[in-house]
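Following: one structure in structure tokens, then a few remarks.
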Amino acid sequence: MTLHIVSCNPQPGSGFDTACQLAQKTDALLLVGNGVYSLLPNHTSHAQLLAINCPIYALMDDLNARGVPEAATGSQMIHYVDYQEWVNLAALHPQNVSWFD
Amino acid sequence: MADKKSTLFVMQHAPIGSRSARDGVEALMAFAAFEQPVSILFVGQGAFQLLQNQASEAVGLKPHSKLLAALALYDIDNIYICAQTLKELGLSNQPLCISAQPLAASEINDLIAEHQSVLCF
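First to last, the protein sequences are chains A and B.
Residue 48 in the UniProt record's numbering sits at position 48 of the first sequence, and the numbers go up by one each step.
Residue 104 in the UniProt record's numbering sits at position 104 of the second sequence, and the numbers go up by one each step.
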């Protein structure tokens, strides 16, 4: 029951990699900041993201700010959230682990 | 492994390039100085903190390995490292400045779950 909050750029060897390796079924992964670039369908990290077997959330404001299109993710698995829902997620999970640059 | 009130420090940054590694160890020592139970996990690029013989005076910094060596003075024994990281970063056969117990991903998940709080650096 860990919320992995990923704000780092999704490049090989980054915290994004670690979070994807650790996330298990009962966890959740929240993409914020530059972490949302992994939602680009042709990004090398995108397949890694979709291979995770826990719920994936992404902060809508950070997608919008970066011009990362919501529709282009082509996946039903991503839940788009606002700041209020982030707070709810944080409260729901006993542990929050941040992966940042 | 750790008792319920313990704090886990997750070190995810290389020793040079950002202040994160140093901040993490300093915070860890502050916790230990006040006798708060702590554990430390090196994962991803954080594992580079454990390389021996860091002569970082050459770039104007105190060697991080020497700071880590001081952890023994604070009776910090719960020191872990991600086993997969060791393999991926080519550190398996490198001598490390302090000994750390390698953990598989599932064991790291257990480690996170059994601590009351997790601080990331």
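The C-beta atom is built at its ideal place from N, Cα and C for all residues, glycine as well.
As the structure is a prediction and not an experimental result, all values here were calculated from the model.
When the Cα atoms are used, what is the spatial distance from residue i to residue j?
{"i": "A:A90", "j": "A:M60", "result": "16 Å"}
{"i": "B:A70", "j": "A:M77", "result": "46 Å"}
{"i": "B:Q54", "j": "B:S65", "result": "6 Å"}
{"i": "B:A100", "j": "B:Y80", "result": "5 Å"}
{"i": "B:L86", "j": "B:I16", "result": "18 Å"}
{"i": "A:V87", "j": "A:D62", "result": "15 Å"}
{"i": "B:D75", "j": "A:V81", "result": "43 Å"}
{"i": "A:V97", "j": "B:V25", "result": "17 Å"}
{"i": "B:C97", "j": "A:W99", "result": "24 Å"}
{"i": "A:G35", "j": "A:L49", "result": "11 Å"}
{"i": "B:A104", "j": "A:P69", "result": "36 Å"}
{"i": "B:N109", "j": "B:L41", "result": "11 Å"}
{"i": "A:P55", "j": "A:H79", "result": "8 Å"}
For residue i, go through chain B and note every residue whose CB falls closer than 7 Å to its CB, in chain order.
{"i": "residue 111 of chain A", "result": "Nothing in the structure corresponds to residue 111 of chain A, since chain A is present only between 1 and 101."}
{"i": "A:D61", "result": "The contacting residues do not exist; A:D61 stays about 22 Å from chain B at best."}
Tell me where the beta strand (DSSP E) around residue i begins and ends.
{"i": "B:I112", "result": "Note, B:I112: premise wrong, no beta strand (DSSP E); alpha helix (DSSP H) at A105 to E114."}
{"i": "A:V81", "result": "I78 to V81"}
{"i": "B:L119", "result": "S117 to C120"}
{"i": "B:S65", "result": "That residue, B:S65, is in no beta strand (DSSP E); its alpha helix (DSSP H) goes H64 to A69."}
{"i": "A:Q95", "result": "Q95 to W99"}
Along chain A, which residues have their Cβ under 9 Å away from the Cβ of residue i?
{"i": "B:G24", "result": "Under the 9 Å cutoff, chain A gives no residues; its nearest Cβ is about 12 Å from B:G24."}
Along chain B, which residues have their Cβ under 9 Å away from the Cβ of residue i?
{"i": "A:T2", "result": "N109, I112, A113 and V118"}
{"i": "A:T44", "result": "The contacting residues do not exist; A:T44 stays about 16 Å from chain B at best."}
{"i": "A:D17", "result": "G44 and E88"}
Listing by chain order, which chain B residues have their CB less than 8 Å from the CB of residue i?
{"i": "A:H97", "result": "Correcting the residue identity first, residue 97 of chain A is Val in this sequence and not His. The contacting residues are V10, I112, V118 and C120."}
{"i": "A:G67", "result": "Those do not exist, as A:G67 stays about 27 Å from chain B at its closest Cβ, beyond 8 Å."}
In terms of residue numbering, what span does the alpha helix (DSSP H) encompassing residue i cover?
{"i": "B:C97", "result": "Looking at the DSSP string, B:C97 is not in any alpha helix (DSSP H), and its letter there is neither H nor E."}
{"i": "B:S20", "result": "S20 to A33"}
Could you confirm whether any beta carbon from chain C is found closer than 8 Å to the beta carbon of residue i?
{"i": "A:Q84", "result": "Included in the structure are the protein chains A and B, with no chain C among them."}
Practice task
Compile a chain-ordered list of the residues in the region 81-115 of chain B whose CB is closer than 9 Å to at least one CB of chain A.
Solution key: C82, Q84, T85, E88, L89, A105, S106, I108, N109, I112, A113 and H115
Handout entry: Cβ-based contacts, 7 Å cut-off: residues of the region 29-40 of chain A near chain B
Key = none
Handout entry: Selection of the region 37-50 of chain B by Cβ proximity to chain A, strictly under 7 Å
Key = V43, G44 and Q45
Exercise for the section: Check whether the region 11-31 of chain A touches the region 16-28 of chain B, counting contact only when three or more Cβ pairs, one atom from each stretch, lie closer than 8 Å. Expected result: no
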